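K.L.:
Top to bottom, those sequences are chains A, B and C.
Counting from 1, one number per residue, gives the positions in the first sequence under this note's numbering.
Counting from 154, one number per residue, gives the positions in the second sequence under this note's numbering.
Counting from 531, one number per residue, gives the positions in the third sequence under this note's numbering.
Structure incoming, see below.
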Amino acid sequence: MPGRTKAQDDASSHDADMQDVPPSAQEEISQDAEMREDAEAEEEEEEEIETQRVRILPGSTDTAASFEFTDEGHTLGNALRYIIMKNPDVEFCAYSIPHPSEPKMNIRIQTYDGTAVNALKKGLSDLQDVCDVVAEKFWSERQSFNAEQGIER
Amino acid sequence: MAPSRHAAPSAEEHLRRNTVGINKETVTNVSSTDFPGHFPGEDHAFSIEQFQSAFSIQFHRNEANDASFSLIGIDASLANAFRRILIAEIPTLAIEDVFIENNTSVIQDEVLAHRLGLIPFNGGREGIHNFLKWYKKPEAGEDPYANSFDWNTVRLELNITCTVNPDAAPTENDPLKAYNHAHVYARDIVFVPTGRQAEHFDGENAIRPVNPDILIAKLRPKQTINLAMHMHKGIGADHSKFSPVATASYRLLPLIHITRPILGADAKKFQKCFPEGVIGLETVTREDVSKPGSGYEGHLGELKAVVKDSMKDTVSREALRHAEFEGKVKLGRRRDHFIFSIESTGQWDSDELFLESVKHLKLKCKKLEQQVINMVQ
Amino acid sequence: MPREEYQVPTTSGGASAGAMTRGATGGERHDSRAVMTYICGDCGGNVTLSKDALVACPHCAGRVLYKERTKRMVQFEAR
Numbered sequence: 001m002p003g004r005t006k007a008q009d010d011a012s013s014h015d016a017d018m019q020d021v022p023p024s025a026q027e028e029i030s031q032d033a034e035m036r037e038d039a040e041a042e043e044e045e046e047e048e049i050e051t052q053r054v055r056i057l058p059g060s061t062d063t064a065a066s067f068e069f070t071d072e073g074h075t076l077g078n079a080l081r082y083i084i085m086k087n088p089d090v091e092f093c094a095y096s097i098p099h100p101s102e103p104k105m106n107i108r109i110q111t112y113d114g115t116a117v118n119a120l121k122k123g124l125s126d127l128q129d130v131c132d133v134v135a136e137k138f139w140s141e142r143q144s145f146n147a148e149q150g151i152e153r
Numbered sequence: 154m155a156p157s158r159h160a161a162p163s164a165e166e167h168l169r170r171n172t173v174g175i176n177k178e179t180v181t182n183v184s185s186t187d188f189p190g191h192f193p194g195e196d197h198a199f200s201i202e203q204f205q206s207a208f209s210i211q212f213h214r215n216e217a218n219d220a221s222f223s224l225i226g227i228d229a230s231l232a233n234a235f236r237r238i239l240i241a242e243i244p245t246l247a248i249e250d251v252f253i254e255n256n257t258s259v260i261q262d263e264v265l266a267h268r269l270g271l272i273p274f275n276g277g278r279e280g281i282h283n284f285l286k287w288y289k290k291p292e293a294g295e296d297p298y299a300n301s302f303d304w305n306t307v308r309l310e311l312n313i314t315c316t317v318n319p320d321a322a323p324t325e326n327d328p329l330k331a332y333n334h335a336h337v338y339a340r341d342i343v344f345v346p347t348g349r350q351a352e353h354f355d356g357e358n359a360i361r362p363v364n365p366d367i368l369i370a371k372l373r374p375k376q377t378i379n380l381a382m383h384m385h386k387g388i389g390a391d392h393s394k395f396s397p398v399a400t401a402s403y404r405l406l407p408l409i410h411i412t413r414p415i416l417g418a419d420a421k422k423f424q425k426c427f428p429e430g431v432i433g434l435e436t437v438t439r440e441d442v443s444k445p446g447s448g449y450e451g452h453l454g455e456l457k458a459v460v461k462d463s464m465k466d467t468v469s470r471e472a473l474r475h476a477e478f479e480g481k482v483k484l485g486r487r488r489d490h491f492i493f494s495i496e497s498t499g500q501w502d503s504d505e506l507f508l509e510s511v512k513h514l515k516l517k518c519k520k521l522e523q524q525v526i527n528m529v530q
Numbered sequence: 531m532p533r534e535e536y537q538v539p540t541t542s543g544g545a546s547a548g549a550m551t552r553g554a555t556g557g558e559r560h561d562s563r564a565v566m567t568y569i570c571g572d573c574g575g576n577v578t579l580s581k582d583a584l585v586a587c588p589h590c591a592g593r594v595l596y597k598e599r600t601k602r603m604v605q606f607e608a609r
C-alpha cells in the first residue's frame, strides 16, 4: 500500500470553503457545529466476519455526505450514481476514485429533502429492483427465443 | 422538489435526445440527460414500473459459446456495469499452482506454468458451480497444503516423454513422425479426481480442456515433462485467466437518417459506402413524388437509397467523406440500445453468464445495503 | 518462483532440512560418496563421476559436462 502523507482525520482540509462554492440547497452551518466523527462502525459479527466496507467521510452533514466504499470501482460507482441522480430529492451526486492504485470509491450525495444516507439506501434498493427486472425479462426472452429457434439448453 | 407537471417530450424530441450524433470528425450529444430537473416540467424520477415498460430485450443469436442480444431502454452506466462484471467478477476454474517434478524441455518452468494457467477448462456444470467453493491461500507461515480439499482444489497431471520412433524412416525430417510425443497438447493433461470429485466429474462431466488441440510445448527425444497442477476458482479481476469470456462487448445501435433524397448513380455509390445489407435500392413511387417538398418531384421511377438494416452497419462514416452526400445523410447511434456480444470460453454458457452478471450486481447491492445500515447504527 | 529457499547442503543441516522438506520434495538424500551423474556437452550421454575423478566423458572424451536438472520439486504460480 502506498504510504499516507497526511493523517486520515485531517477533516477540514478536504472540504472546499463554503463561501467559494455556488449557492447550495443545504442550510448555512458553522463548520464545527454539525461535524460528525467518521462513523466507523465496529466490526459486526455476522455469519462471515465482514469488514465494514462503507464509511461516511468526515465533514459530512445530514443532507450532504460523502461515503467511501472499499473494493468497489467504476462498476458499482457509475451505476449507483446514475440511479441516485434519478431521485428527485437529490441535488448533487457524483463518484470518484481518489487513486487508481487504491480500491476505494467515494460517492458524494447532497439532497434537497431527506438524508443523504436515505438517498444512498434508496439508490441501492432501486438498483436491485432494476437487476430483477433485467434478469426476468432476459430469461423470458431467452426462453421464447430458444423455443422459436428450437434450441434445447 | 421539482414541479410535478408531467410534460412528455414529443416522439421527435425523444429521438433527438436519445441520439448520439456522429459527424465527420466529432461525436456530439454523448451524455444522457434523463435526470430530474434537467428539463423543467418533465418528470424523470426513477420509477421501476416506468423502467419495466420502457425496457426490452431482443435476442439475435444464442449458441452455447456465443450469444448476441440487445438491451433497449437502459442507461450506459448499467450496461457497462454488466459488461465489467462479465469480464472481471464471475468466478471460473483455472490452473493456479504447478508442481514441477521434472522438466527437461526447452520451455522454461515459469513459461510452461504460465501457459498452463491460460488453458481454458470445461467440466460438469453442477460440479463447478455448486460443489466447488473458493480456496483461501494459506498464510505465509502455515502449511501450504492445509487448505486444499476436494471441494476447492482440482488436481491435474501432465506426464510425457519424447522418444525416438523406431518405425520411422531414418531420413525422416518431420518431428511428428520421427519421434513419439514430440508435441505436447492440452489433451495430454490428465484429470485426477480426488474424494467426491469422482462422482461430480465423471464421464461427460470430467474436467477437460475446452480445446484439446492447444499446443503447450514441443519436445525432442530424452526430454520429459512431469508435473502436477492444482486448479482453483478465481475472478478475472485477479488474473485474466479466470475471466469466463473471451470477451464481452457491446455496441450502440447505429442510426442512418437520409434527410434529402439520394437518387440514381449516387444511390448506388451510397450503398457501397456501407456494408452489404445496410442500404437497399428502391424505385421512387408515385406516392413519394406526390409528397410536396420531399425532393422526389420529377424523379418518378429512379432508384433511391433506403435504409434497410442499420444494425449491420459498422459506422465507418465513409458516406461523410463524399461531397455528393453532404447535407443528405445524418449518422448517429441510439444511446439506450446496446447490442451485446458475449463470447464464452466454455465453462459457462453465454446466456447463463449474463444472468449471472445481473445476479452478481444485485448481490453486490444487497451486501452494501446491509453495510450501510450497519454503518449508521 | 521456487517456494523453498535454497539451503546450503551440510552434514547436520542437510539431515534436518531433509526431514522438513521430505513431504514436499520427495526426499533428496545427502550422499557422502558424491556420485553424481552429469550430461556430456558433446555427445549428450550420461556421465557418472565420483569425488576426485577426472572430468571427462568416457564415450567421447569431451570435457564440458553439464549438471542435471535438480530432482527437487519446484512449485510455480501459473501467473
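Quick reminder that beta carbons are idealized off the backbone N, C-alpha and C, glycines included.
All values derive from a computational prediction rather than experimental measurement.
Which residues in the same chain have their Cβ closer than 7 angstroms to the Cβ of V363/B, if we skip the five residues on either side of it in sequence?
P.N.:
Excluding residues up to 5 positions away in sequence, P273, F274, N275, T498, G499 lie with their Cβ nearer than 7 angstroms to the Cβ of V363/B in the same chain.
K.L.:
For A232/B, count the other beta carbons within 10 Å of its own beta carbon; 16 or more makes it buried, fewer makes it exposed. Which is it?
P.N.:
buried
K.L.:
Return no unless some Cβ of chain B is closer than 8 angstroms to the Cβ of V604/C.
P.N.:
yes
K.L.:
Taking only runs of the beta strand (DSSP E) that begin and end inside the region 334-362 of chain B, which ones reach a length of at least 3 residues, in chain order?
P.N.:
336-338, 343-345
K.L.:
Run through the DSSP bridge pairs and tell me what V173/B is partnered with.
P.N.:
R486/B
K.L.:
In angstroms, rounded to a whole number, what distance separates the CA positions of I201/B and L434/B?
P.N.:
The alpha-carbon atoms of I201/B and L434/B are separated by roughly 43 angstroms.
K.L.:
What does the Cβ neighbour count give for M464/B, buried or exposed, with the cut at 16 atoms within 10 Å?
P.N.:
exposed
K.L.:
Given a threshold of 16 other Cβ atoms within 10 Å of its Cβ, counted over all protein chains shown, does P100/A qualify as buried or as exposed?
P.N.:
exposed
K.L.:
Give, in chain order, every residue of the region 464-482 of chain B whose Cβ lies closer than 8 angstroms to some Cβ of chain A.
P.N.:
none
K.L.:
When you compare only the Cα positions, how much space is there between N300/B and Y596/C?
P.N.:
In a straight line, the C-alpha of N300/B is about 39 angstroms away from that of Y596/C.
K.L.:
If I measure Cβ to Cβ from D303/B and keep anything under 7 angstroms in the same chain, skipping five residues before and after, which residues do I get?
P.N.:
T347, G348, R349, Q350
K.L.:
Between A25/A and chain B, is there a C-beta pair that is closer than 8 angstroms?
P.N.:
no
K.L.:
Starting from I210/B, find everything on chain A with Cβ-Cβ shorter than 7 angstroms and list it in chain order.
P.N.:
K137, F138, E141
K.L.:
Buried or exposed for E42/A, going by 16 or more other Cβ atoms inside 10 Å?
P.N.:
Note on E42/A: pLDDT 41, under 50, position unreliable in the model; no value is reported.
K.L.:
Quick one: grab the DSSP three-state call for G270/B.
P.N.:
Three-state result, G270/B: helix.
K.L.:
Alpha carbon to alpha carbon, how far is E598/C from S580/C? Give it in angstroms, no decimals.
P.N.:
Those two C-alpha atoms are separated by around 15 angstroms.
K.L.:
Please check if any C-beta of chain A sits within less than 8 angstroms of the C-beta of P189/B.
P.N.:
yes
K.L.:
At the 8 angstroms Cβ level, is V180/B part of the contact set with chain A, yes or no?
P.N.:
no
K.L.:
Can you tell me which of the three DSSP states I569/C falls into?
P.N.:
Strand, per DSSP.
K.L.:
Name the chain B residues whose beta carbon is nearer than 9 angstroms to that of D132/A?
P.N.:
I201, V511, K515
K.L.:
Are the region 512-523 of chain B and the region 130-143 of chain A touching by the rule of at least three beta carbon pairs closer than 8 angstroms?
P.N.:
yes
K.L.:
Any Cβ of chain B within less than 8 angstroms of the Cβ of Q110/A?
P.N.:
no
K.L.:
Could you say which of A476/B, L309/B, H392/B lies nearest to D419/B if we only look at CA atoms?
P.N.:
A476/B
K.L.:
Counting C-beta neighbours from all protein chains within 10 Å, is the total for H490/B 16 or more, i.e. buried, or is it exposed?
P.N.:
Buried is the call here.
K.L.:
On the DSSP letters alone, give me the boundaries of the beta strand (DSSP E) that P407/B sits inside.
P.N.:
398-411
K.L.:
Starting from the beta carbon of V251/B, find every residue of chain C whose beta carbon is closer than 8 angstroms, and list them in chain order.
P.N.:
Q605, F606, E607, A608
K.L.:
Below 7 angstroms CB to CB, which residues in the same chain sit around A359/B once its five sequence neighbours on both sides are set aside?
P.N.:
G276, F344
K.L.:
Looking at C-beta atoms only, is the number of pairs between the region 254-265 of chain B and the region 408-424 of chain B that lie closer than 8 angstroms three or more?
P.N.:
no
K.L.:
Excluding the 5 residues preceding and the 5 following H353/B in the sequence, name in chain order all residues of the same chain whose CB lies nearer than 8 angstroms to its CB.
P.N.:
G277, E279, G280, F284
K.L.:
Does the separation of the CB atoms of L246/B and K386/B fall below 8 angstroms?
P.N.:
yes
K.L.:
Provide the residue(s) that pair with L311/B in DSSP beta bridges, ordered along the chain.
P.N.:
L380/B, per the DSSP bridge assignment.
K.L.:
Going along the chain, which residues of its own chain have a beta-carbon closer than 8 angstroms to the beta-carbon of R155/A, five neighbours each way excluded?
P.N.:
Residue 155/A is absent from the structure shown; chain A starts at 1 and stops at 153.
K.L.:
Pairs of beta-carbons, one from the region 451-464 of chain B and one from the region 426-441 of chain B, closer than 8 angstroms: are there three or more?
P.N.:
yes
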